[in-house]
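Visitor: To start, I am sharing the structure in question, which I have written as structure tokens.
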Amino acid sequence: MLIGVLTSGGDAPGMNAAVRAVVRTTIFRGCQVIGIRRGLHGLLQNDMVLLDTSSVADIIYRGGTILYTGRSEEFRTPEGQKRALDILRDNAIDGLLLVGGDGTVRAAQVIDDAGIPANCIPGTIDNDIPYSDTSIGFDTAVNTICDAVDKVRDTAEALERTFIVEVMGRSSGFLALTSGVACGAESIIVPEFGIDYERVCQRLRNSVARRKRHSIIILAEGAGDAPTVSAEIRRRTGYDLRVITLGHIQRGGTPTAQDRVLASTLGYHAVELLVQGTHGKLVGQENGRISVVDLGAAASSKKPLNKESFEMAEVLSAT
Ligand code: F6P
Numbered sequence: 015m016l017i018g019v020l021t022s023g024g025d026a027p028g029m030n031a032a033v034r035a036v037v038r039t040t041i042f043r044g045c046q047v048i049g050i051r052r053g054l055h056g057l058l059q060n061d062m063v064l065l066d067t068s069s070v071a072d073i074i075y076r077g078g079t080i081l082y083t084g085r086s087e088e089f090r091t092p093e094g095q096k097r098a099l100d101i102l103r104d105n106a107i108d109g110l111l112l113v114g115g116d117g118t119v120r121a122a123q124v125i126d127d128a129g130i131p132a133n134c135i136p137g138t139i140d141n142d143i144p145y146s147d148t149s150i151g152f153d154t155a156v157n158t159i160c161d162a163v164d165k166v167r168d169t170a171e172a173l174e175r176t177f178i179v180e181v182m183g184r185s186s187g188f189l190a191l192t193s194g195v196a197c198g199a200e201s202i203i204v205p206e207f208g209i210d211y212e213r214v215c216q217r218l219r220n221s222v223a224r225r226k227r228h229s230i231i232i233l234a235e236g237a238g239d240a241p242t243v244s245a246e247i248r249r250r251t252g253y254d255l256r257v258i259t260l261g262h263i264q265r266g267g268t269p270t271a272q273d274r275v276l277a278s279t280l281g282y283h284a285v286e287l288l289v290q291g292t293h294g295k296l297v298g299q300e301n302g303r304i305s306v307v308d309l310g311a312a313a314s315s316k317k318p319l320n321k322e323s324f325e326m327a328e329v330l331s332a333t
């Protein structure tokens, strides 16, 4: 049996640990493993390399992905999908493990539906994959954001300023909400619940009234453009604001122990299932246990953000 492995979409710290787990479990099961470089884009370029146990030595602690990653417009077309499937068949690949975000889940479903067994592991700092409490890279990104916001708070406090810190999350607020709770942000703005300017501004005024003249607002990129949001808050309150966009530093860095363990566990189980004939699955983690759900179910639903956590964050950062 020849198993392919690829990382696709935005990279996430811990993807290397997942690749290591997939390679070593596959070899342990007496199968061969081939790495497909640059994700779905590389698949369409037939860019592959056979991997062995030592190919994945000393990568568990490294961010990024040794397989590189990529997005593919071509794979979105029926012709591109047919060509990708032909390439997989030409290389005699019997099964495929994909690590990535929502686009990768959909791609895995296309491949599995076409008759090449595939399982997918959630790997995205956005943590927006349903049926998994967390995804590879999320914990590291939250810690990176916390580290940055703690530093911003020092200068915010010293100069009595308000900062808007824009974090990633094109269509989801998991990064903003979790880091906002961890950093004690005075306001959190996420796409799921929209921007309530009056509420945000009133919280700022309340802070000032009780002589706390610095605040941190965490804004998920998908909820609004930071300069525009900042201009509107300034217009309503008259306060001086500074804007910071954390950008791609959120995707890099040494994966936390939690992400390494998650990636290792999911990689191991996804291969075990595949070699035992269970495929077409998203292999994630729910309530501390491995969860195995149909790719179709995962691809067609949206992971809800917990409103209670959002409200809790506001209570705890009382202004
Ligand atoms: O990995 C997902 C994500 O981090 C989104 O939150 C963000 O909008 C996007 O990637 C940016 O990716 P890129 O810079 O690769 O276009």
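Each residue of the sequence shown is one higher than the last, beginning at 15 in the numbering used here. Where a beta carbon is used, it is the ideal one built from N, C-alpha and C, also for glycine.
How should Lys165 be labelled, buried or exposed, when 16 other C-beta atoms within 10 angstroms of its C-beta is the threshold for buried?
Guide: On the sequence shown, residue 165 is found 151 positions in, with the first residue counted as 1. It counts as exposed.
Visitor: Which residue comes first and which comes last in the alpha helix (DSSP H) that contains Met182?
Guide: As a first step, residue 182 must be located in the sequence shown, where it is residue number 168. Here Met182 belongs to no alpha helix (DSSP H), and DSSP marks it neither H nor E.
Visitor: Within a Cβ cutoff of 7 Å, which residues of the same chain sit near Asp25, ignoring the five residues on either side of it in sequence?
Guide: Indexing the sequence shown from 1 puts residue 25 at position 11. Result list for Asp25: Gly78, Thr79, Thr83 and Arg265, in chain order.
Visitor: Whose C-alpha, out of Asn105, His262 and Thr279, is nearest the C-alpha of Arg184?
Guide: What you label residue 184 is simply residue 170 of the sequence shown in a count that begins at 1. Of the candidates Asn105, His262 and Thr279, the one whose C-alpha sits nearest the C-alpha of Arg184 is His262.
Visitor: For a test of the three-state rule: what should DSSP assign to Ser229, helix, strand or coil?
Guide: For the purposes of this step, residue 229 is identified with residue 215 of the sequence shown, where counting begins at 1. Of the three classes helix, strand and coil, the one that applies to Ser229 here is strand, per DSSP.
Visitor: Mind reading off the beta-carbon distance from Gly115 to Gly23? Whole number of angstroms is fine, and I expect it under 8 Å.
Guide: Counting from one through the sequence shown, the residue named residue 115 turns up at place 101. Counting from one through the sequence shown, the residue named residue 23 turns up at place 9. Sure, about 4 Å apart at Cβ, within 8 Å.
Visitor: Do Gln46 and Gly310 have their C-beta atoms within less than 9 Å of each other?
Guide: What you label residue 46 is simply residue 32 of the sequence shown in a count that begins at 1. What you label residue 310 is simply residue 296 of the sequence shown in a count that begins at 1. Their beta carbons are not under 9 Å apart, which means Gln46 does not touch Gly310 by this criterion.
Visitor: Would the beta-carbon of His262 be found less than 8 Å away from any heavy atom of the ligand F6P?
Guide: Locating residue 262 in the sequence shown gives position 248, where the first residue counts as 1. Yes, the beta carbon of His262 sits closer than 8 Å to at least one heavy atom of the ligand F6P.
Visitor: Taking Cβ positions, are Ala31 and Asp273 nearer each other than 9 Å?
Guide: Within the sequence shown, numbered from 1, the residue matching residue 31 stands at position 17. Within the sequence shown, numbered from 1, the residue matching residue 273 stands at position 259. Yes, these two residues count as a Cβ contact at 9 Å.
Visitor: Between which two residues does the beta strand (DSSP E) containing Met62 stretch?
Guide: Here residue 62 corresponds to residue number 48 of the sequence shown, with the count starting at 1. Counting along the chain, the beta strand (DSSP E) containing Met62 begins and ends at Met62 to Leu65.
Visitor: Using the beta-carbon count (16 or more within 10 Å), is Asp210 buried or exposed?
Guide: For the purposes of this step, residue 210 is identified with residue 196 of the sequence shown, where counting begins at 1. Exposed, because fewer than 16 other Cβ atoms sit within 10 Å of the Cβ of Asp210.
Visitor: Can you tell which of Leu64, Asn320 and Asn301 has the C-alpha that lies nearest to the C-alpha of Val195?
Guide: Counting from 1 along the sequence shown, the entry for residue 195 is found at position 181. Minimum Cα distance to Val195 is reached at Asn320.
Visitor: Determine the burial state of Asp153: buried for a count of at least 16 other Cβ atoms within 10 Å of its Cβ, exposed for fewer.
Guide: Within the sequence shown, numbered from 1, the residue matching residue 153 stands at position 139. So Asp153 counts as buried.
Visitor: At what residues does the beta strand (DSSP E) containing Glu300 begin and finish?
Guide: Taking the first residue of the sequence shown as 1, we reach residue 300 at position 286. Start and end: Lys295 to Glu300.
Visitor: Could you have a look at Leu20 and say whether DSSP puts it in helix, strand or coil?
Guide: Position 6 of the sequence shown, counting from 1, holds the residue named residue 20. Strand.
Visitor: Give the single residue among Ser146, Asp142, Ile17 and Ser68 whose Cα lies nearest to the Cα of Glu300.
Guide: For the purposes of this step, residue 300 is taken as residue 286 along the sequence shown, with counting starting at 1. Considering only alpha carbons, the answer is Ser146.
Visitor: Are the stretch 156-174 and the stretch 312-328 touching, with three or more C-beta to C-beta distances below 8 Å?
Guide: Result no; under three Cβ-Cβ pairs closer than 8 Å.
Visitor: Identify which residue in Gly44, Val119 and Ser68 has its Cα closest to the Cα of Gly53.
Guide: Indexing the sequence shown from 1 puts residue 53 at position 39. Ranking the options by Cα distance to Gly53, first place goes to Val119.
Visitor: Please give the ranges of any alpha helix (DSSP H) in the stretch 243-299, keeping only runs that are unbroken, at least 4 residues long and fully inside the region.
Guide: Runs of the alpha helix (DSSP H) inside the stretch 243-299: 271-289.
Visitor: Tell me the rounded alpha-carbon separation between Leu99 and Ala327.
Guide: Against the sequence shown, residue 99 aligns to sequence position 85. Against the sequence shown, residue 327 aligns to sequence position 313. Distance between the alpha carbons of Leu99 and Ala327 is about 46 Å.
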